[in-house]
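Participant:
In my numbering, the protein residues as written are 40 to 416.
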């Protein structure tokens, strides 16, 4: 009896040249699961190679406008010409694009991952011409048969309001291989004062200016030596970046000695900040999934969020949700978490339990089941 022929999946990671936020984390974890895959149903081909992405530094960090333009030209050339040619060369059954946009045509099925509805909901954050072209290509690709998956049920609901698709959108939640972290008793905490922690690029949607105001309100109610630590860099594009506005809020409330900007941190340095934080604060107003919530759970941190759909879906009953995105409401849950030790311990245990719902293994199993489904139709 002949062995069953494996289906060929071409995984496009070209966007990793530029990606710094959620898509990067999603793709990095996808590649980890692909490397672990030992099934006999699929052959995964990753293009470009991870090594070439690591070597390329041209588009990392805050880039000049001419570099952004050059990347966009290369990106569209890659999607519209390179991937179709590669799909013929490799005789693909599926071309998988974790970065939203699929080619208009390829050999086999096409699958796009749409992480959120930002392109439709916040058009002011994007160049008008670029956004128009991007959405035109996205809609055309979907109209011509590209299958769409989203990273959460919340994202599926929001995206479906704007995207017309011949086939139904499918939600496949992201999964991470996160182990519960323990404190190293010999390790020194990064600060000598208790602190709240936020990790992520300083984009406007992260709502960090409100967080600064909430922290100022918190200190009014609870005069203390608490600090607020913001880990991360400027937003990758000028239209999205909120770094200067955040600095202005810090000066407005005279919190220069209370709000700590660490910039980029190594994995080891970041782990220290996670381990010793009082709580993780995530007031973002727009997320497709919310991977930092799971990261915080793995360190046993209570997580405080605003009333945002995707974060509530991921966090479930293991997060503390403010009544609104108003500073005083968010300050109230900051105050509550430091006053109630039983609540902190309860959220810690619930967070550990929540991690088991979002493992990398479950994610890849759901993804390969989906691939089998669409190729067997």
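Using N, Cα and C, we set each Cβ at its ideal position, and we do this for glycine too.
Between residue 267 and residue 257, what straight-line distance do the alpha-carbon atoms span, to the nearest angstrom?
Facilitator: 11 Å
Participant: Report the rounded CA-to-CA distance for residue 133 versus residue 352, giving the unit in angstroms.
Facilitator: 29 Å
Participant: Check for me: the beta strand (DSSP E) holding residue 82 runs from which residue to which?
Facilitator: 81-86
Participant: Mind checking residue 45: buried by the 16 CB within 10 Å criterion, or exposed?
Facilitator: exposed
Participant: Whose C-beta lies closer than 8 Å to the C-beta of residue 95 among residues of the same chain, with five residues either side of it excluded?
Facilitator: Excluding residues up to 5 positions away in sequence, 56 lie with their Cβ nearer than 8 Å to the Cβ of residue 95 in the same chain.
Participant: Is there contact between the stretch 285-296 and the stretch 205-216, where contact requires at least three CB pairs shorter than 8 Å?
Facilitator: no
Participant: Assuming residue 309 is part of the alpha helix (DSSP H), what are its boundary residues?
Facilitator: Start and end: 306-315.
Participant: Check whether the Cβ atoms of residue 150 and residue 410 sit closer than 9 Å, and answer yes or no.
Facilitator: yes
Participant: Taking the alpha-carbon positions, what's the residue 74 to residue 48 distance?
Facilitator: 13 Å
Participant: Give every residue of the same chain whose Cβ lies closer than 6 Å to the Cβ of residue 401, excluding the five residues on either side of it in the sequence, and list them in chain order.
Facilitator: 214
Participant: Give me, in chain order, the residues of the same chain whose beta-carbon lies closer than 6 Å to that of residue 282; leave out the 5 immediate sequence neighbours on both sides.
Facilitator: 241, 273
Participant: Less than 9 Å between the C-beta atoms of residue 233 and residue 372, yes or no?
Facilitator: With respect to the 9 Å criterion, residue 233 and residue 372 are not classified as neighbours on the basis of their beta carbons.
Participant: Under three-state DSSP, which class holds residue 295?
Facilitator: DSSP places residue 295 in coil when its eight states are reduced to three.
Participant: Buried or exposed: where does residue 325 fall if 16 or more other Cβ atoms within 10 Å of its Cβ makes it buried?
Facilitator: buried
Participant: Let me confirm a value: residue 65 is counted as buried when at least 16 other C-beta atoms fall within 10 Å, else exposed. Which label applies?
Facilitator: Buried, by the Cβ-count rule.
Participant: By a C-beta neighbour count over all protein chains shown, 10 Å radius and 16 as the cutoff for buried, is residue 179 buried or exposed?
Facilitator: exposed
Participant: Quick check: the Cα distance between residue 318 and residue 413, rounded to an integer number of angstroms?
Facilitator: 42 Å
Participant: Could you compute how far the alpha carbon of residue 105 sits from the alpha carbon of residue 168?
Facilitator: 15 Å
Participant: I believe residue 383 touches residue 336 by the beta-carbon criterion, under 8 Å. Please report the beta-carbon distance rounded to the nearest angstrom.
Facilitator: At roughly 13 Å, the Cβ-Cβ gap does not stay under 8 Å, so residue 383 and residue 336 are not in contact.
Participant: Can you tell me where the alpha helix (DSSP H) with residue 165 in it begins and where it stops?
Facilitator: From DSSP, residue 165 is part of no alpha helix (DSSP H); its letter is neither H nor E.
Participant: With distances taken Cα to Cα, identify the nearest neighbour of residue 269 among 247, 279, 63.
Facilitator: 247
Participant: Which same chain residues, not among the five before or five after residue 61, have their C-beta less than 7 Å away from its C-beta?
Facilitator: 154, 327, 328, 330
Participant: Secondary structure at residue 278, three-state DSSP: helix, strand or coil?
Facilitator: coil
Participant: State buried or exposed for residue 52, treating a residue as buried only when at least 16 other CB atoms are found within 10 Å of its CB.
Facilitator: buried
Participant: By Cβ distance, which residues of its chain are closer than 8 Å to residue 40, with the 5 residues on each side in sequence left out?
Facilitator: The predicted model places residue 40 with a pLDDT of 42, which falls under 50 and marks its position as unreliable; any figure quoted below should be read in that light. Cβ neighbours of residue 40 beyond the five flanking positions: none.
Participant: Determine the burial state of residue 146: buried for a count of at least 16 other Cβ atoms within 10 Å of its Cβ, exposed for fewer.
Facilitator: Per the 10 Å Cβ criterion, buried.
Participant: Buried or exposed: residue 244, going by 16 or more other Cβ atoms within 10 Å of its Cβ?
Facilitator: buried
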